[in-house]
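For reference, the structure discussed in these notes is given below.
Protein chains: 2
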Amino acid sequence: MAEEVVIVGGGFAGLTAAQNLKRADVNITLIDRTNHHLFQPLLYQVATGGLSPADIASPIRHILRKQDNVRVIEDTVVDVTPDFVRTMTGEYAFDHLVIATGATHHYFGNDDWEDAAPGLKTLPDATRIRARILEAFERAERTGSSDLTFLVVGGGPTGVEMAGAIAEMARHTLRRDFRTIDPSAARVLLAEAGSRILATYPKALSHKAEQQLARLGVEVRTGWQVTDLSPGSATLRCGDLEETVNPVATVWGAGVRASSLGAALVPLGAALDRMGRVEVLPDLTIPGHPNIHVVGDLAALTQGGKPIPGVAPAAMQMGRYVADRIQNKKSEPFRYRDKGNLATIGRSAGVADLGRIRFSGFPAWAAWLGIHIFFLIGFQNRLLVMIQWAWSYVTRNRSARLIVRYDD
Amino acid sequence: MAEEVVIVGGGFAGLTAAQNLKRADVNITLIDRTNHHLFQPLLYQVATGGLSPADIASPIRHILRKQDNVRVIEDTVVDVTPDFVRTMTGEYAFDHLVIATGATHHYFGNDDWEDAAPGLKTLPDATRIRARILEAFERAERTGSSDLTFLVVGGGPTGVEMAGAIAEMARHTLRRDFRTIDPSAARVLLAEAGSRILATYPKALSHKAEQQLARLGVEVRTGWQVTDLSPGSATLRCGDLEETVNPVATVWGAGVRASSLGAALVPLGAALDRMGRVEVLPDLTIPGHPNIHVVGDLAALTQGGKPIPGVAPAAMQMGRYVADRIQNKKSEPFRYRDKGNLATIGRSAGVADLGRIRFSGFPAWAAWLGIHIFFLIGFQNRLLVMIQWAWSYVTRNRSARLIVRYDD
């Protein structure tokens, strides 16, 4: 009889695992809280009006419609036992379990900051941030206020991309749209507590990224830590210096924490690291349970003394490894192959770190564009996104600039 | 000194009025509750996953960015005096006022039905209905329930288009996506209290539309009135017959009522009809106030004994007339020119009533498609929508099938 495989989470890791079990004689149940796979690396484009939610998200069951050994269930897993998982509405027994529920924001013990500075992990996050940014310009036009400060907290890829896109929007996209205010006078502040932005990149590229952000008009503040946040107010500290700014919108890109489902594995003997990630064995299972795998951003594993980063390529590689392992094709430990990192800054700049090859500026942006379009799920999305980007590159327009209120 | 024109509402009527004052020596303030102009005739496509919100909506200030005599204010008008309007946050004095705030749903005194059967007027309405329809399929897949009844109340153009699109989705788009349930077994019920659907069309076309809906698998029930509605239950009556159905999702397309801003004109001497619309003089002003115009769906006016219908072409013609009148180019009364009506049914059928010429089936669908793409605001939208439709016509796919919860 075919074995039962339960996969929890339809992100890069879970989806790749399911797809790589296409020819296996197993019954797969993929459970996700939402009905869609989200192409998270482009979420900042939705948050800044460059793309629509449907451009970067596809129904999971649609992606897997031709794979007859998968059923997709939209539900939330609340508990894990050695033999089955329990969801809000039912139970699913497994022979093999793959947990791939990813990560969420982390406010370092200041959970009350969330309202003032939403993070960017889901589609509702993105449309909410989009509404907040656009609403700030609308409010200024209404009241004639000229003080328009946007604050982005955290100089990782998300923070850099958001800061660049907001600056781009203020300087170019919205330039002609207002009568009372001058959007291009908006101040975009990027606060990074560490000594440089894009800390996981080589130093030279961090420096390039700072220059490119400065050219777009972003004020990069490295060494500045956010010590207090409330709606409309933020306190930054750098050594003995302290400064309070009054941002019209703040975006949080500073910290992530693993999904809370990791905690459900503790009674089974798993250990969590300080970010809530599950410490996995080199074969991505948890101790004592060779049939329970944890993959993607939820998994904590070091390789050559360095932690495997929480990026899409690592998640996909883990998904593929686990699919092989379930089919007994793999016995050697998981090995992450770092193919490089790319970040984009505004509409024609970026940095690329491909190991020995490093470059920045327009070529990095073009490489980023090509790779992201290539990996977008579903042909239609790729084509539409390409046209949309080609168009907005020429016109600097961002067409998805809707403020939609769902609490009306 | 240039006169002040205040336009309330950025729909077809208000936007057209503003655009036709392009060369006038006036200062225009256009006030809308939202930041976008919505191409409402395509809203049912968003509600059924065929298009994304940004495909049918553009920021008003972006549409008018090159028209220097307009400023756009996102705000809600709460009161009207003979000289100024009051919004939530300010006051705007006018020499000429144009009120074009349109219409909303009407539950004939059963406002508690709204939760069970949302109507389709705004983007949040559309994404909410989309989530409800898709969620019904997800729930059925989870529970294995095979009873999937969708109820559309009201056989006007919106009801007909929604019923056709839901049937199309169940029979074709989702056909391969589920494992436990068979989406094509879903029942789509269209309940119309009157004796025929599309009552404003010639009888022969109503009949054609019924046939085309039946071919898509829609159960058309004319003469059946909804007498009770609650989440998951609906009671229908036809003479002495009574039937209770248990719809997994219900869409309200039965009644509209004019925007509540009409009531603010009563103290100025205006009269409202029973749908809450403002009874205007033949020059679209209200009695005693030759500088206060009411246009679009909010205006009640008869011509040749027949009421002018609440459709986009009438709203645009009124907007143009008022712009001319403000520039003293017009003294004769407003005259509505009916250029015909088109409704679409599923992916390749429809009915067209162009006065002397009437046709149905694929030619009507093609005419509908061409006209709607032509009138979509903004070149990018038109191109993208065309590609999206061409693609979904070939594949029967609906790419924007996202369930996004904003109350998480």
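Going line by line, the protein sequences match chains A and B. For the first sequence, position 195 (counting from the first letter as 1) is numbered 187 according to this note's numbering, and the numbering increases by one without interruption. For the second sequence, position 377 (counting from the first letter as 1) is numbered 369 according to this note's numbering, and the numbering increases by one without interruption. Glycine included, every Cβ here is placed at the ideal spot set by N, Cα and C.
{"Check": "Residues near residue 305(B) by beta carbon distance below 7 angstroms, same chain, minus five either side", "Outcome": "331"}
{"Check": "8 angstroms CB neighbourhood of residue 228(A) in its chain, flanking five on each side removed", "Outcome": "183, 213, 216, 217, 218, 219, 234, 235, 236 and 237"}
{"Check": "Other residues of its chain near residue 307(B): CB distance less than 6 angstroms, five sequence neighbours each side excluded", "Outcome": "4, 5 and 288"}
{"Check": "Proximity test, Cβ basis, 8 angstroms: residue 219(A) and chain B", "Outcome": "no"}
{"Check": "Start and end residues, alpha helix (DSSP H) containing residue 56(A)", "Outcome": "Element bounds for residue 56(A): n/a, residue is neither H nor E."}
{"Check": "Residue closest to residue 174(A), alpha-carbon to alpha-carbon, out of 133(A), 90(A) and 38(A)", "Outcome": "133(A)"}
{"Check": "Residue burial classification, residue 324(A) (beta-carbon count within 10 angstroms, cutoff 16)", "Outcome": "exposed"}
{"Check": "C-beta neighbour in chain A for residue 12(B), strict 8 angstroms", "Outcome": "no"}
{"Check": "Contained alpha helix (DSSP H) runs [length at least 4] in the segment 139 to 205 of chain B, N- to C-terminal order", "Outcome": "149 to 160"}
{"Check": "Where the alpha helix (DSSP H) through residue 8(A) begins and ends", "Outcome": "4 to 11"}
{"Check": "Cα-Cα separation between residue 128(A) and residue 163(B), rounded to whole angstroms", "Outcome": "44 angstroms"}
{"Check": "Residue span of the alpha helix (DSSP H) that contains residue 316(A), given as start and end", "Outcome": "304 to 318"}
{"Check": "Given 8 angstroms, three or more beta-carbon pairs between the segment 48 to 58 of chain B and the segment 10 to 25 of chain B", "Outcome": "yes"}
{"Check": "Neighbourhood of residue 200(B) by C-beta distance below 7 angstroms, restricted to the same chain and skipping five residues each side", "Outcome": "343 and 352"}
{"Check": "is_contact[residue -1(B), chain A] using C-beta, thresh 8 angstroms", "Outcome": "no"}
{"Check": "Residue 70(A) - partner residues in DSSP beta bridges", "Outcome": "Its beta-bridge partners do not exist; DSSP assigns none."}
{"Check": "Closer than 8 angstroms to chain B by CB, residue 44(A)", "Outcome": "yes"}
{"Check": "Burial state of residue 19(B) (16 or more Cβ within 10 Å)", "Outcome": "buried"}
{"Check": "Distance, residue 225(A) Cα to residue 242(A) Cα", "Outcome": "9 angstroms"}
{"Check": "Option in 49(A), 149(A), 75(A) and 105(A) with minimal Cα separation from residue 301(A)", "Outcome": "149(A)"}
{"Check": "Segment limits, alpha helix (DSSP H) that includes residue 118(A)", "Outcome": "115 to 135"}
{"Check": "Short Cβ contact (8 angstroms threshold) for residue -3(B) with residue 86(B)", "Outcome": "yes"}
{"Check": "Residue-level contact to chain B via CB, residue 175(A), 8 angstroms cutoff", "Outcome": "no"}
{"Check": "Residue-chain proximity (residue 54(A), chain B), Cβ-Cβ < 8 angstroms", "Outcome": "yes"}
{"Check": "Residues sharing a beta bridge with residue 83(B), DSSP", "Outcome": "78(B)"}
{"Check": "Chain A residues whose Cβ lies nearer than 7 angstroms to that of residue 392(B)", "Outcome": "46"}
{"Check": "Inter-residue spacing [alpha-carbon to alpha-carbon] between residue 135(A) and residue 65(B)", "Outcome": "10 angstroms"}
{"Check": "Within 8 angstroms of chain A by C-beta, residues of the segment 151 to 179 of chain B in sequence order", "Outcome": "168, 169, 170, 171 and 172"}
{"Check": "Min CB distance residue 401(A) to chain B below 8 angstroms", "Outcome": "For chain A, the structure presents residues -7 to 400; residue 401(A) sits outside this window and is missing."}
{"Check": "Where residue 326(A) falls: helix, strand or coil (DSSP)", "Outcome": "coil"}
{"Check": "Sequence-distant residues of the same chain with beta carbon closer than 6 angstroms to residue 91(A), five excluded per side", "Outcome": "0 and 286"}
{"Check": "Sequence ranges, beta strand (DSSP E) only - wholly within the segment 211 to 282 of chain B, length at least 3", "Outcome": "217 to 222, 225 to 230, 233 to 237, 241 to 244 and 248 to 250"}
{"Check": "Whether residue 22(B) touches residue 283(B) by CB criterion (8 angstroms)", "Outcome": "no"}
{"Check": "Residue 245(A) classed as buried or exposed, judged by whether at least 16 other C-beta atoms fall within 10 angstroms", "Outcome": "buried"}
{"Check": "Buried or exposed by the 16-neighbour rule on C-beta atoms within 10 Å, applied to residue 160(A)", "Outcome": "buried"}
{"Check": "Residue 293(B) to residue 203(B) span [Cα, whole Å]", "Outcome": "34 angstroms"}
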